[in-house]
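S.K.: Mapping of the sequence shown onto mature numbering (1 follows the signal peptide of the UniProt record, and there is no 0): residues -19 to -1, 1 to 523, in sequence order.
For glycine and all other residues, C-beta sits at the position ideal for the given N, C-alpha and C.
All figures in this text were calculated on a predicted structure; none of them were measured in a lab.
Can you keep this structure in mind? I'll have questions shortly.
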Amino acid sequence: MALLLAMCISISASSLGIAEYQDIKISMYLRILIPITFSRTVLIVHTFMDITGLVVIFVMLSAWLATTFFSESTLEFKDYGTSLLNLFVLLTTANNPSVWSTAYRTNRLAFFFFSTYLLVGFFFLMNLAFSVIYSNYKAQMAVEVAKRTTARQGNLKAAFSLLDVRHQEWIDGATMIALFLAIGRYRHISDIRARTSHLFLALNRRGDFKIWSDEFEELCDVIAKEVESPPDLFQSRRRMSKNEMQFVTHPVYTYVTWALTLGSLAAAITQLNVGGSAQVLLLSIEFLFGWVFAMDALLKVYLQGWKSYWSSTLNAFDFVVTLLILALHFISFFNENARPWVTYLLLVRGLRTFALVSLITRWRLMVQTLIIVIPATAPILALQFLVCSMFSVLGMHLFGGLVYEGNYALAGTEYLTLGFEAFNYNDYASAMATSFNLCVVNKWYVIMDGYAAATNSRWSRIYFMTFWAIAVVFTLNVVVAFFTEALTCQMEKAERIRAREMRRNQEETSAPVRRRSGLNLPFRVTRSLSYYDLYEDIVKKT
């Protein structure tokens, strides 16, 4: 409904010729507002307004008390308007304790007033707003998860009906085995032929060798957990014998490779900071490192095969950089100016040291969890971006061109003294940078006071106060809370899956069957989940 209304307004404005009114392009705002209407965050605006009203009443009452107590002794609370502004900024702690230091020097009892204000306002009310807003956001998330669950159940019923060709309300074992094998053609399920009967018997709770509709839903859950990506070409296609293959995968070889990488990085960094004969020596060592890395790449390609080698992102990165290093080696014989570029390429190759996190289980788990959580946070981050864009466009229309070199209205302001004039609303890029700094909240009141001086109007502060209330207290709190809870939830889930994999590896090690490789987090954990699965995990947890 909101989308249709926005579209109608946009079409009407264009047809009536009022799409631009006083240099304000209405369509710019509508393009930003339309995607915001799809966000579930809009559905909790009423809750935000409730808590906002409570905070406003608290600040207004506190401002009246501050004016009554300190108007005669301090300039910061000389009248009600000044007190209201300073206490509002104090609620964000941006001007604490400078705003009440004069009152405290005059009368130490002022500490009790301002400490009570901060305890109630900042620690209690702001955290209450945080909790209420996010609780309602999760309630909307639960509604979305319920809709998705209903849709999934409908799809499963349709799939069950297709498999139940005889309309018997159950599926026999032969059909289920054929289903397992058919799935195995498109996605990899480890040991599918050996585990087909085991899966069927595990799901057949009634013992009648039939899969009923309720058991079919459990079957789909099992398949979702067991499905992995196709096995690595390193496992499926081997050009050499097992012993030869293990040479490049042995931990000692891996440690030597990492040691050489760190050594080349140290040599490259040192070469940039020395001169004379030492620099020439380090350049020769860098050339040696380049050829060592080339031999490493050739050895891996020879033993693993090109497709298996290239399937690894780290190997592809090493190969490209090493190839460039060798090319520069040959070029340097004809042009000595090319030799320093080898140093820079070794520095680039040193970036692979970030992959060291894969060698430490806890670090690897954190990185793999972030890979899942960051995309899941994207819709909320997009909302935050749209809100900042909305205020940036509005700021350009309200304050564009007011900040410039030689503006006497800004003379003597803290905004100019601190060099904040680069953060302005003269163009969209600068406006977004200003919005980002306002989200950080540190010294945001300096920008607010600067524009109050530039516009010669106290009412311009309403823009910045509204930005703080909406972009920081409302949307940014949802972003931070969701990311924190999603990260915690996914870490716990990943730990459970890793523990299950370790138990399975131990069982398969003790049993006289083929061992499965590694204790790494399964590929399916980091790739096959959508952010809806993460939403469902959060809802179930709470």
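1) In whole angstroms, what separates the C-alpha of residue 286 from that of residue 240?
2) If you follow the alpha helix (DSSP H) that residue 250 is part of, which residue opens it and which one closes it?
3) Below 8 Å between beta carbons: does that hold for residue 532 and residue 50?
4) Since residue 422 and residue 110 should fall inside the 8 Å C-beta cutoff, what is the C-beta to C-beta distance between them, to a whole number of angstroms?
5) Kindly indicate which residue of 197, 128 and 131 has the alpha-carbon position closest to the one of residue 160.
6) Under 8 Å Cβ to Cβ from residue 472, same chain only, skipping five residues before and after it: list those, please.
7) Which whole-angstrom value is the C-beta distance of residue 412 and residue 373, which I expect to be below 8 Å?
8) From what residue to what residue does the beta strand (DSSP E) around residue 59 run?
9) My output table needs one value for residue 138: the three-state DSSP class, helix, strand or coil.
10) Do you know how far the Cα of residue 89 is from the Cα of residue 408?
11) Go to residue 424, then tell me how far its alpha helix (DSSP H) extends in each direction, as first and last residue.
12) State the DSSP-derived secondary structure class of residue 356, mapped to helix, strand or coil.
13) Counting along the chain, where does the beta strand (DSSP E) carrying residue 153 start and finish?
14) Whole angstroms are fine: how far does the CA of residue 272 sit from the CA of residue 595?
15) From this set, 457, 131, 459 and 426, which residue's C-alpha is nearest residue 443's C-alpha?
16) Decide if the region 384 to 402 is in contact with the region 356 to 367; the criterion is three or more beta carbon pairs, one per stretch, under 8 Å apart.
17) Taking the continuous beta strand (DSSP E) assigned at residue 538, which residues delimit it?
18) For residue 30, count neighbouring Cβ atoms within 10 angstroms of its own Cβ and tell me buried if that reaches 16, exposed if not.
19) Does the distance from the CB of residue 364 to the CB of residue 420 come in under 8 Å?
20) Count the CB pairs spanning the region 399 to 407 and the region 40 to 60 that are closer than 8 Å, and state whether there are at least three.
21) Expressed to the nearest angstrom, what Euclidean distance is found between the alpha-carbon atoms of residue 3 and residue 378?
22) Sorted by chain position, which residues of the same chain lie with C-beta nearer than 7 Å to residue 201's C-beta, five sequence neighbours on each side aside?
23) Which of helix, strand or coil does DSSP assign to residue 148?
24) In the DSSP assignment, the alpha helix (DSSP H) including residue 43 goes from what residue to what residue?
25) By how many angstroms is the C-alpha of residue 100 removed from the C-alpha of residue 69?
26) Applying the criterion that 16 or more other CB atoms from any shown protein chain within 10 Å of the CB defines a buried residue, is residue 149 buried or exposed?
27) Is DSSP giving residue 350 helix, strand or coil here?
28) Output the distance between the C-alpha atoms of residue 493 and residue 485, rounded to the nearest integer angstrom.
29) Looking at residue 44 and residue 64, is the spacing between their C-beta atoms short of 8 Å?
30) Please identify the residue among 102, 192, 124 and 27 whose C-alpha is closest to the C-alpha of residue 151.
31) Less than 7 Å between C-beta atoms, sequence neighbours within five positions excluded: which residues of the same chain meet that for residue 74?
32) In three-state terms, what does DSSP make of residue 385?
33) Check residue 123 in the structure and name its three-state DSSP category.
34) Give me the Cα-Cα distance between residue 56 and residue 39, rounded to the nearest whole angstrom.
M.R.: According to the structure data:
1) In the sequence shown, counting from the first residue as 1, residue 286 sits at position 305. In the sequence shown, counting from the first residue as 1, residue 240 sits at position 259. The alpha-carbon atoms of residue 286 and residue 240 are separated by roughly 24 Å.
2) Along the sequence shown, read from residue 1 onward, the residue named residue 250 stands at position 269. Per DSSP, residue 250 belongs to the alpha helix (DSSP H) from 232 to 252.
3) This structure does not reach residue 532, given that the chain is present from -19 up to 523, and the question cannot be answered.
4) Here the question's residue 422 lines up with position 441 in the sequence shown. Here the question's residue 110 lines up with position 129 in the sequence shown. With a Cβ gap of about 15 Å, residue 422 and residue 110 do not count as contacting.
5) The count along the sequence shown starts at 1 and reaches residue 160 at position 179. Nearest C-alpha to residue 160: 197.
6) Mapped onto the sequence shown, residue 472 falls at position 491. So the list reads 346, 347 and 350, once near-sequence residues are dropped.
7) Mapped onto the sequence shown, residue 412 falls at position 431. Mapped onto the sequence shown, residue 373 falls at position 392. Their Cβ separation, rounded to whole angstroms, is 4 Å, which keeps residue 412 and residue 373 in contact under 8 Å.
8) Locating residue 59 in the sequence shown gives position 78, where the first residue counts as 1. Looking at the DSSP string, residue 59 is not in any beta strand (DSSP E), and its letter there is neither H nor E.
9) To locate residue 138, count along the sequence shown from 1; it is residue 157. It is helical.
10) Taking the first residue of the sequence shown as 1, we reach residue 408 at position 427. Taking the first residue of the sequence shown as 1, we reach residue 89 at position 108. Roughly 47 Å between the two C-alpha positions.
11) Along the sequence shown, one-based indexing puts residue 424 at 443. Here residue 424 belongs to no alpha helix (DSSP H), and DSSP marks it neither H nor E.
12) Against the sequence shown, residue 356 aligns to sequence position 375. Helix, per DSSP.
13) One-based indexing of the sequence shown puts residue 153 at position 172. Unbroken beta strand (DSSP E) run through residue 153: 151 to 153.
14) Only positions -19 to 523 of the chain appear in the structure, and residue 595 is not among them; the question remains open.
15) Here residue 443 refers to the residue found at position 462 when the sequence shown is read from its first residue. The candidate whose alpha carbon is nearest that of residue 443 is 426.
16) no
17) Any answer about residue 538 is impossible in this case: the structure gives the chain only from -19 up to 523.
18) Indexing the sequence shown from 1 puts residue 30 at position 49. Classification of residue 30: exposed, given that the 10 Å Cβ count is below 16.
19) As a first step, residue 364 is located in the sequence shown; it is residue number 383 there, counting from the start. As a first step, residue 420 is located in the sequence shown; it is residue number 439 there, counting from the start. Not closer than 8 Å, so no.
20) no
21) Numbered from its first residue, the sequence shown carries residue 3 at position 22. Numbered from its first residue, the sequence shown carries residue 378 at position 397. Because the pLDDT at residue 3 is just 44, under 50, the model does not fix this residue reliably, and the value given afterwards should be weighed accordingly. Whole-angstrom Cα-Cα distance: 10 Å.
22) Taking the sequence shown and counting its residues from 1, the one referred to as residue 201 is at position 220. Excluding sequence neighbours, residue 201 sits near 137.
23) Position 167 of the sequence shown, counted from the first residue, corresponds to residue 148. It is coil, neither helix nor strand.
24) As a first step, residue 43 must be located in the sequence shown, where it is residue number 62. Looking at the DSSP string, the run of the alpha helix (DSSP H) that includes residue 43 is 26 to 51.
25) Locating residue 69 in the sequence shown gives position 88, where the first residue counts as 1. Locating residue 100 in the sequence shown gives position 119, where the first residue counts as 1. Between residue 69 and residue 100, the C-alpha separation is close to 14 Å.
26) Counting from one through the sequence shown, the residue named residue 149 turns up at place 168. Residue 149 is exposed by the Cβ-count criterion.
27) Taking the sequence shown and counting its residues from 1, one reaches residue 350 at position 369. Three-state DSSP puts residue 350 in a helix.
28) Here residue 493 refers to the residue found at position 512 when the sequence shown is read from its first residue. Here residue 485 refers to the residue found at position 504 when the sequence shown is read from its first residue. The predicted model places residue 493 with a pLDDT of 49, which falls under 50 and marks its position as unreliable, so this point remains unresolved.
29) Walking along the sequence shown from the start, residue 64 turns up at place 83. Walking along the sequence shown from the start, residue 44 turns up at place 63. Yes.
30) Indexing the sequence shown from 1 puts residue 151 at position 170. The shortest Cα separation from residue 151 among 102, 192, 124 and 27 belongs to 192.
31) On the sequence shown, residue 74 is found 93 positions in, with the first residue counted as 1. So the list reads 103, once near-sequence residues are dropped.
32) The residue labelled residue 385 in the question sits at position 404 within the sequence shown. Of the three classes helix, strand and coil, the one that applies to residue 385 here is coil, per DSSP.
33) As a working mapping, residue 123 is identified with position 142 in the sequence shown. If DSSP states are grouped into helix, strand and coil, residue 123 belongs with the helices.
34) In the sequence shown, counting from the first residue as 1, residue 56 sits at position 75. In the sequence shown, counting from the first residue as 1, residue 39 sits at position 58. Near 22 Å, if we compare the C-alpha coordinates of residue 39 and residue 56.
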